[in-house]
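Protein chains: 2
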Amino acid sequence: MARIVKDPETRRTEIIDIAEELFLKSGYNETAVSDIVKRVGVSQGTFYYYFKSKEDILNAIIERYIDDIKVGVKAIAAKDDINAIEKIMAFFGFLNNMDIGKEKLIDYFHEDQNVHLHAKFEKNVPSNIIPPFCQMIEEGVQEDLFDTKYPEMAALSIIGTTFAISHWMYDKEDRAGSTKKIMGAIFDLIERILGAKPGIFMEYAIKMEGAK
Amino acid sequence: MARIVKDPETRRTEIIDIAEELFLKSGYNETAVSDIVKRVGVSQGTFYYYFKSKEDILNAIIERYIDDIKVGVKAIAAKDDINAIEKIMAFFGFLNNMDIGKEKLIDYFHEDQNVHLHAKFEKNVPSNIIPPFCQMIEEGVQEDLFDTKYPEMAALSIIGTTFAISHWMYDKEDRAGSTKKIMGAIFDLIERILGAKPGIFMEYAIKMEGAK
DNA sequence: ATTGACTGACAGTCAGTCAGTCTATCAATT
DNA sequence: AATTGATAGACTGACTGACTGTCAGTCAAT
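Heads up: the sequence lines are chains L and H, in that order. Going by the numbering used here, the letters in the first sequence line up with residues 442 to 653, in that order. Going by the numbering used here, the letters in the second sequence line up with residues 442 to 653, in that order.
Given below as structure tokens:
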């Protein structure tokens, strides 16, 4: 077969792109390395020249997501024209709207075939987003918007709560039904965890909705 | 080979027992179906007579854990000599002390090879324990120990918080260090989420510690 | 001439299949 | 009571196809 040599970084990215697409379409276990290399148009050996195993390329894909999140979170944390509440809300907006191609990442994760991807993702997210998230909370404490002795634990609690509720919502089918009520509940929980004034997150949500 | 016919239920349990042991020892992916049947002393075909796939036996293992939890939780929920706070604490004590052989289940789950098992477990736990847990919370609201409009969401939040913090603790190595401080933080969070009197969980914890 | 990206046939492994065997338990017959 | 025949369903293990990962060697670029 005609041999095409490419810049290693380009080739690596190319393989990761295709692998990601196939994993999301058919699931990790159902995608063979041979499927990936066929689509990329390289040999089996090339795959193993760049990745030491199939598991290894999954890690590379996850790492890319995490990097995207890091960049987004840092950008939000660095803003100086919004307060801690607005930052936290911006942060959730950002996570919710992360997409892959045209679809929401979060939708993919909740399909049964992607447990593997999902587990790896949730295992790696906290260590990367807790520190900046924690910083936002500490900022809010200093601004007297929040009141907690345990900002790091509060950050973990909010992330954990969000994961748990989002899993719950996806397992139950009646998602469309009562988004309003759920938003109310989530804001209520966040306010309690952070020791913020009851209702203040909803106030901000309405304010920001109006500003659009 | 000598053919030994057993009561199907016994055989099924026997296969699950061995599979569980091997999965926990070596990990799901690293354990071959042939390893399992060799240990049990049956043929490959017998395995597939009882389980439709390798994934299927993993589900059976998880189901057994979940059933154990259900039984334990129901027993706690049914007690009428303790209040809602004591029930919730008993519930966490029960989860933490679930064991398999001589080791704590929770310790096994956090070993790297068991991501698959752990992920499936956490995916299935909520739908089974949220309802009774939620009932305990509602009981507490009626007893005026708690104050929340969203008992179901509070239950999810507490479970999610617990998962997140336990992952966090296992990833960081300094677990042994500050258990006291973490207990303080977790109780603080639970009290906030449930709208309980600050410090009341710690009070009960000390009281129960003394009672032993 | 050397480096390193790339090849593709191949070894080894494993999940899952299947045609058929064996055992236990009947009821019917001797 | 003992023997037989019939049936269900537990069980077998060689086999298949498909997969992951390897490696000795090839080719393009510098």
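Using N, Cα and C, we set each Cβ at its ideal position, and we do this for glycine too.
Taking each of L/N470, L/N500, L/I570 in turn and checking the Cα distance to L/I517, the smallest one comes out for L/I570. For L/Q485, the closest of L/M442, L/E461, L/N470, L/F464 by C-alpha to C-alpha distance is L/M442. Here H/V512 is exposed. Its C-beta has fewer than 16 other C-beta atoms within 10 Å. Contact with chain L is found for H/M594, since one of that chain's Cβ atoms lies less than 8 Å from the residue's Cβ. The DSSP-derived three-state label of H/I541 is strand. DSSP, reduced to helix, strand and coil, places L/M442 outside both helices and strands of the structure shown, so it counts as coil. Its chain contains no residue whose beta carbon lies nearer than 8 Å to that of H/E544 once the 5 sequence neighbours on both sides are disregarded.
From the beta-carbon of L/V556, the residues of chain H found nearer than 9 Å are H557, A560, K561, K564. Rounded to whole angstroms, the gap between the alpha carbons of L/A501 and L/N555 is 16 Å. The distance from the Cβ of H/I498 to that of H/V481 is about 11 Å, inconsistent with a contact at the 8 Å cut-off. Rounded to the nearest angstrom, the gap between the Cα atoms of H/I641 and H/E632 is 8 Å. In this structure, H/P573 lies near H/V514, with their beta-carbon atoms less than 8 Å apart. Under the Cβ distance rule, H/Y549 does not count among the residues neighbouring chain L, no pair being separated by less than 8 Å. Inclusion of L/F488 and L/V478 in the CB contact set at 8 Å is warranted, their separation being smaller than that value. Nearest CB-CB separation between H/S568 and chain L: below the 8 Å threshold.
Interface annotation, L/R633: in contact with chain H, CB-CB separation under 8 Å.
Look at the beta carbons and you see the region 578 to 586 of chain L not touching the region 578 to 589 of chain H: under three pairs across the two are nearer than 8 Å. Contact between L/I578 and L/A595 is confirmed by a C-beta separation of about 6 Å, below the 8 Å threshold. Here H/V446 is exposed, its C-beta having fewer than 16 other C-beta atoms within 10 Å.
Per DSSP, L/V483 is not a residue of any alpha helix (DSSP H), being assigned neither H nor E. The C-beta separation of L/Y611 from L/H551 comes to about 4 Å, placing the pair in contact by the 8 Å criterion. In this model, L/R452 and L/Y490 are separated by some 11 Å (Cα to Cα). If you draw a straight line from the Cα of H/S475 to the Cα of H/E461, it is about 14 Å long. By the Cβ-count criterion, L/F533 is exposed, with fewer than 16 other Cβ atoms from all chains shown falling within 10 Å of its own Cβ. L/Y645 is not a Cβ neighbour of L/M539, given a cutoff of 8 Å.
Shown here for H/I634: same chain residues with a beta carbon closer than 8 Å to its own, the five before and five after excluded, namely T589, A595, S598, I599, T602 in chain order.
Residue burial annotation: L/G581 is buried, with at least 16 other C-beta atoms found within 10 angstroms of its C-beta. For the C-beta of L/F604, the chain H residues within less than 8 Å are, from N- to C-terminus, G601, F604, A605. For L/K561 and H/D522, the gap between their C-alpha atoms comes out near 43 Å. In the three-state reduction of the DSSP assignment, H/K479 falls in the helix class, which pools H, G and I. Sequence-distant partners of H/Y549 (beyond 5 residues in either direction) whose C-beta falls short of 7 Å from its own C-beta, in its chain, are L465, I541, N555. For L/S475, no Cβ of chain H is located within less than 8 Å of the residue's own Cβ.
In the structure shown, the three-state DSSP call for H/Y611 is helix.
The C-beta of L/T472 has 16 or more other C-beta atoms within 10 Å across all chains shown, which makes the residue buried.
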